[in-house]
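In UniProt numbering, the protein residues as written are 1 to 145. Each residue gets a CB set at the ideal place from its N, CA and C atoms; glycine is no exception. What follows is one structure encoded as structure tokens, with my remarks underneath.
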Amino acid sequence: MAPLTRLPLAYRLFFLYLEPISALVGAFYTHFRQQRYLELLDSATAPAKLVPLSTSVAMSQLANMYFFFAINEALVLRSTGDLQVWRAVLLVLLIADFGHLYSMKELGPDIFYNVMDWNVGDLGNVPWVYAGATMRCCFLAGVGL
Numbered sequence: 001m002a003p004l005t006r007l008p009l010a011y012r013l014f015f016l017y018l019e020p021i022s023a024l025v026g027a028f029y030t031h032f033r034q035q036r037y038l039e040l041l042d043s044a045t046a047p048a049k050l051v052p053l054s055t056s057v058a059m060s061q062l063a064n065m066y067f068f069f070a071i072n073e074a075l076v077l078r079s080t081g082d083l084q085v086w087r088a089v090l091l092v093l094l095i096a097d098f099g100h101l102y103s104m105k106e107l108g109p110d111i112f113y114n115v116m117d118w119n120v121g122d123l124g125n126v127p128w129v130y131a132g133a134t135m136r137c138c139f140l141a142g143v144g145l
């Protein structure tokens, strides 16, 4: 059995509380506030009134993935101090971060760096993902461990 480690407070706060809560907020908006989520994502192409059924179903599926992300991170990482488990979970989430950022490419290159144009939705989709990826890279590189 791998030795259990008491992890630094910054990692515990971010990975066990802040990030899972933010993923739950994402799940809430993608399932219960679909119109608003789409407006924040790209107001120019958001549906004017009703979200099409196929889009609504896809958004509820995305909400389920955000929910999975939140409970997986919070519960699996809470269950152990084994660095090998933490590294495996955080590596998978880092790969997902890159996929999430890649999925934003259709909004144009400005979405990644034009901070003055970011709305609250962009803040959750770009810099917050940058922050999570940075925290994961630091953890995986052994910073502070």
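Which of helix, strand or coil DSSP assigns to residue i
i    : result
D110 : helix
D122 : helix
P47  : coil
R87  : helix
M104 : coil
P52  : coil
A141 : coil
R136 : helix
Bridge partners - residue i, DSSP secondary structure assignment
i    : result
D117 : For D117, which the question treats as bridged, DSSP gives no partner whatsoever.
D97  : DSSP, once it has assigned bridges, lists no residue as partnering D97.
Contact under 8 Å by Cβ, residue i with residue j
i    : j    : result
H31  : A63  : yes
P8   : G132 : no
I111 : V126 : yes
L77  : L38  : no
L41  : G108 : no
Q34  : M59  : yes
F67  : L123 : no
L53  : E73  : no
Inter-residue Cα distance where the pair is residue i and residue j
i    : j    : result
S22  : F28  : 10 Å
A88  : R136 : 11 Å
L50  : F139 : 43 Å
A141 : A48  : 46 Å
L101 : R6   : 31 Å
F14  : A70  : 12 Å
T80  : L90  : 13 Å
S103 : D97  : 10 Å
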